[in-house]
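Below you'll find the structure, written out as structure tokens, and then a few comments.
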Amino acid sequence: MKFSVFASGNGTNLQAIIDAVKTGEIKAELGLVFSDNKKSLALKRAEEAGIKTLCLEYRNYTNKQSFDRDIVIALKEHEIDFVVLAGYMRLLTPYFVEQFPRRIINIHPSLLPSFKGIQGIKDAFTYGVKTTGVTVHFVDEKMDHGPIILQESLKILSNDTLESIEEKIHKIEHRIYPKAVQLFVEGRLRIKGRKVIVLDEPQFF
Ligand code: GAR
14 MKFSVFASGN GTNLQAIIDA VKTGEIKAEL GLVFSDNKKS LALKRAEEAG IKTLCLEYRN
74 YTNKQSFDRD IVIALKEHEI DFVVLAGYMR LLTPYFVEQF PRRIINIHPS LLPSFKGIQG
134 IKDAFTYGVK TTGVTVHFVD EKMDHGPIIL QESLKILSND TLESIEEKIH KIEHRIYPKA
194 VQLFVEGRLR IKGRKVIVLD EPQFF
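Heads up: the sequence shown runs through residues 14 to 218, numbered per the numbering used here.
Shown next as structure tokens:
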């Protein structure tokens, strides 16, 4: 199987995935890294790892669908089977989601459905929750919404700061995202309504 990672910023989750492909923890080919931000560190990381990259910037488009249409064309050209969002800060159009049904996954730095959006860690911390965490989920047309694959919780201690929580959350992300990708690759995820059942044995496609 061949997949693409979408990233808009730092790309630390992308890096964890690149490393996991290298070590064989993820048994699939990372065929294309896409970014909507030409200054993103994610693109640099991909280039350094010798992975093909594509960057399209939304300001050169008049509407979301034509932007997503060009990305889909590139994904089909590269024979991409599934898409992994790793800090991709744009909402995919319903058109895009239909092109990869049940084949797009995302990571979010909170326990969904709480604290959706672009600053989940900060929102949870300033709200004062005692427990936050990380969610990996299938993507549908709504933001941070589709069926949940994995979640891991993290207790917020009285001496934690926003920075310490960010660090702990990213550590969890870098550990569980490659695991979730490999579960997908092994065909072990079955969606039943809002629920995702994780099968015990690999069911290779
Ligand atoms: C990650 O914390 C990811 O969970 C979050 O963006 C960060 C990207 O960091 N995604 C979202 O908030 C999606 N709503 P990275 O670029 O270093 O991987």
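C-beta atoms are modelled at their ideal positions from N, C-alpha and C, and glycine is treated no differently.
Fair warning: this is a prediction, and the values are worked out from it, not measured in the lab.
Item to check | Stretch-stretch touch, CB-based, cutoff 8 Å, three pairs: the stretch 151-164 with the stretch 106-125 | outcome: yes
Checklist entry - Mind checking whether the beta-carbon of ILE120 lies closer than 7 Å to any heavy atom of the ligand GAR? => result yes
Checklist entry - Around the Cβ of ARG188, are there at least 16 other Cβ atoms within 10 angstroms (buried) or fewer (exposed)? => result exposed
Item to check | CB-CB length for PHE151 against VAL198, believed under 8 Å | outcome: About 14 Å separates the two Cβ atoms, so there is no contact after all.
Checklist entry - Cβ-heavy atom distance between GLU186 and the ligand GAR below 7 Å? => result yes
Checklist entry - Considering only the beta carbon of each residue, do LYS15 and GLU92 sit closer than 8 Å? => result yes
Item to check | Inter-residue CB distance, ASN50 and SER17 (contact presumed, cutoff 8 Å) | outcome: Actually they do not touch by this definition, with Cβ atoms about 16 Å apart.
Next on the checklist: What I want to know is whether the C-beta of ALA137 ends up closer than 7 Å to one or more non-hydrogen atoms of the ligand GAR.
Outcome noted: no
Checklist entry - Using the C-alpha atoms, what's the distance from PHE138 back to VAL46? => result 31 Å
Item to check | GLU165 - DSSP class collapsed to helix/strand/coil | outcome: strand
Checklist entry - With C-beta atoms as the reference, is ILE169 less than 8 Å away from THR144? => result yes
Checklist entry - Between the Cα of ALA29 and the Cα atoms of ILE120, ARG116, MET102, which residue gives the shortest distance? => result ILE120
Next on the checklist: Does the structure place the stretch 65-77 close enough to the stretch 175-187 that three or more beta carbon pairs sit under 8 Å?
Outcome noted: no
Next on the checklist: Quick check: the Cα distance between VAL85 and GLU42, rounded to an integer number of angstroms?
Outcome noted: 18 Å
Checklist entry - With 16 other CB atoms within 10 Å as the buried threshold, where does SER53 fall? => result buried
Checklist entry - What are the boundary residues of the beta strand (DSSP E) that includes SER220? => result In the structure displayed, the chain extends from 14 to 218; residue 220 sits before or after that span and is not available.
Item to check | 6 Å Cβ shell around ASP157 - same chain, five flanking residues per side excluded | outcome: HIS121, LEU125, LYS129
Item to check | Nearest to LYS192 (by Cα), restricted to the options LYS205, ILE31, PRO114 | outcome: ILE31
Item to check | Coil, strand or helix - ASN26 by DSSP | outcome: helix
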